[in-house]
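Residue numbering for the sequence shown follows my numbering, beginning at 123 and increasing consecutively.
Glycine included, every Cβ here is placed at the ideal spot set by N, Cα and C.
Predicted model only: the values in this text are computed from it and were never measured.
What follows is a short report on a single structure.
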Amino acid sequence: MTQDFLARLTAAKTDTERSYIVTENLLKTLPLDLFTAVWAVAIPHWFNAEILAALCPQFQDEATELYQELQKLSFVEVFPEQGHNIHALTRKLLLEELWNHKRDEFLIFSARATEYFSQQTTPESNIEWLYHLVVSDTANQGDEFCSLAQLWTNNFRRAEMEYLVKTLLEQVESNRISTAAKAKIYYWAGNTKFSVAQAPEAWDAYKQALKCYREIGVSKAAHLEARLGEANTLKAIGDVLQFLNRHHEALEYYEAALEIYNEIGDRPGETNTLKAISDILQFLSLDDVKTLKALGDILQFLKLIYQKALELYREIANRLETAHTFIKVPHELLPEYSETYIMPHHQTKASLVSTKFLPENSKTYINHPKYGMLQRICTVDENKDMFASLYAKSLFFLVTAKDTDIKYEPMGSKEAKTLLENCLLTLDQNQRSPEYDQLQSVFHRTFS
Numbered sequence: 123m124t125q126d127f128l129a130r131l132t133a134a135k136t137d138t139e140r141s142y143i144v145t146e147n148l149l150k151t152l153p154l155d156l157f158t159a160v161w162a163v164a165i166p167h168w169f170n171a172e173i174l175a176a177l178c179p180q181f182q183d184e185a186t187e188l189y190q191e192l193q194k195l196s197f198v199e200v201f202p203e204q205g206h207n208i209h210a211l212t213r214k215l216l217l218e219e220l221w222n223h224k225r226d227e228f229l230i231f232s233a234r235a236t237e238y239f240s241q242q243t244t245p246e247s248n249i250e251w252l253y254h255l256v257v258s259d260t261a262n263q264g265d266e267f268c269s270l271a272q273l274w275t276n277n278f279r280r281a282e283m284e285y286l287v288k289t290l291l292e293q294v295e296s297n298r299i300s301t302a303a304k305a306k307i308y309y310w311a312g313n314t315k316f317s318v319a320q321a322p323e324a325w326d327a328y329k330q331a332l333k334c335y336r337e338i339g340v341s342k343a344a345h346l347e348a349r350l351g352e353a354n355t356l357k358a359i360g361d362v363l364q365f366l367n368r369h370h371e372a373l374e375y376y377e378a379a380l381e382i383y384n385e386i387g388d389r390p391g392e393t394n395t396l397k398a399i400s401d402i403l404q405f406l407s408l409d410d411v412k413t414l415k416a417l418g419d420i421l422q423f424l425k426l427i428y429q430k431a432l433e434l435y436r437e438i439a440n441r442l443e444t445a446h447t448f449i450k451v452p453h454e455l456l457p458e459y460s461e462t463y464i465m466p467h468h469q470t471k472a473s474l475v476s477t478k479f480l481p482e483n484s485k486t487y488i489n490h491p492k493y494g495m496l497q498r499i500c501t502v503d504e505n506k507d508m509f510a511s512l513y514a515k516s517l518f519f520l521v522t523a524k525d526t527d528i529k530y531e532p533m534g535s536k537e538a539k540t541l542l543e544n545c546l547l548t549l550d551q552n553q554r555s556p557e558y559d560q561l562q563s564v565f566h567r568t569f570s
């Protein structure tokens, strides 16, 4: 060991600093091609000869030999089913050094990694691709990440979602990506935590997302996207607080989200927030309802938003795809609106339905013990069109069937069609509404 090395080691103030000095000293003893390869393969989470060749095209011919030499290094370990990786602590040190002092090299390697993993098809490769993309393509701003996150969420691929968020958070915590990308990653981290009822962790992630959205610049395009992200996050925090039975706090966040949705003209966002407000109001105790009713400004606000909801229905009712739930406005709070139901679907579209459009015997549906199960059965693939009237009538016919035993499990449109047909056939002839034959006709036309 040279005196310079010992002096630097003695002067180091942290274990991390000392670790890098030792690693750097070891790297200096390597041949130049192996030295270069080490820095390159530190970029991805794992590597093999093929990945090494993609990161360092100049080593195309000797990639296999270099890969063998890399495996002999003390900080290289086996990465199951993929190849090898640099030990986590050593990799972190190398990445920090590259980012802080050789950023151009970091970005070149990241761009090559992005290109390589974009051509792979496994979930692990998809995640690795996005991990590099958010750094190498700053114009993307996390949009591709959001697309994959939405797809996997819709398909209940929870394990992949958790791995995706965990991996992308590495770039967030290392401060290597834009504020817009950070906001989206934090937002989906909150969604992932909330999907498994980890409400406190979800709330923490949403708060970070909210902070990022509010830091984004005020150019027109960025401002609108950030305001929408802020509104979505406020709505999500309201959902967490509602889950925690902190209803009054949840209402404050919903009101803040509603204000932004109205400001930017996001009709679906407004309506989904109205649905969330109604969820809270229908479960408040009578004392809470009386307290709210005593506050004239709140009562007036609620009247206005439900009037607004009716307007929104007229705007977007012709674009319905999949209806999920019916929510009743509490009679004690707004008796004049007690016959109105909010019917949302996803975060993009929603509508209102009045009971006057439904069969008379359907008004008792919400008290039926199988309601919670039945209202999910009629959910079909979001990419398939389904008439709202068909959904509503099918649901209510099913609800009145006393002996229909249904088990819920995720299904596509074909399975939903078969299930609904079987359910309708189980109804006693005496219980069928005069509209039954009409329903069957509409049903078959819809799915033909």
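Inter-segment contact for the stretch 240-258 and the stretch 285-303 is present: three or more beta-carbon pairs are separated by less than 8 Å. In this chain, the beta strand (DSSP E) harbouring I208 covers 205-208. Measuring C-alpha to C-alpha distances from T212 to each of K304, W161, Y189 identifies W161 as the nearest. Within the same chain, Y375, Y376, A379, G391, N394, T395, A398 come within 8 Å of K357 by CB-CB distance, once the 5 residues on both sides are set aside. Between A235 and I165, the beta carbon gap of about 5 Å places them in contact (Cβ cut-off 8 Å). A check of alpha carbon separations from V294 across S269, A324, C334 identifies C334 as the nearest. Under the three-state reduction of DSSP, F239 is assigned to helix. Here the stretch 148-157 makes no contact with the stretch 268-278; the two share fewer than three CB pairs at distances below 8 Å. A distance below 6 Å between beta-carbons, with the five flanking residues on each side excluded, links Y142 to the following residues of its chain, in chain order: L215.
Going by DSSP, F201 is part of the beta strand (DSSP E) stretching over 198-201.
Of the residues N147, W221, I359, the one whose Cα lies closest to the Cα of A321 is I359.
A direct Cα-Cα distance of roughly 43 Å separates F201 from L346. A direct Cα-to-Cα measurement between D226 and T158 gives close to 14 Å. Within the stretch 337-405, the alpha helix (DSSP H) runs of at least 4 residues that lie entirely inside it are, in chain order, 342-365, 369-386, 389-405. Distance from S232 to S258 at the Cβ level is roughly 4 Å; contact confirmed, criterion being Cβ atoms closer than 8 Å. A direct Cα-Cα distance of roughly 14 Å separates G205 from A175. In the DSSP assignment, Q180 falls outside any alpha helix (DSSP H) and carries neither an H nor an E. Rounded to whole angstroms, the gap between the alpha carbons of N222 and R336 is 27 Å. In the three-state reduction of the DSSP assignment, F169 falls in the strand class, which pools E and B.
Counting along the chain, the unbroken alpha helix (DSSP H) around L270 starts and ends at 265-276.
With respect to the C-alpha of Q272, the residue from S296, C178, N313 having the closest C-alpha is N313.
Here V318 is exposed: its Cβ has fewer than 16 other Cβ atoms, across all protein chains shown, within 10 Å. In the DSSP assignment, L286 falls within the unbroken alpha helix (DSSP H) covering 280-295. If the five residues before and after Y189 are omitted, its C-beta is found closer than 7 Å to the C-beta atoms of N170, A171, L174, all from its own chain and listed in chain order. A direct Cα-Cα distance of roughly 22 Å separates V198 from D183. In the three-state DSSP reduction, S317 falls in the helix class (H, G or I).
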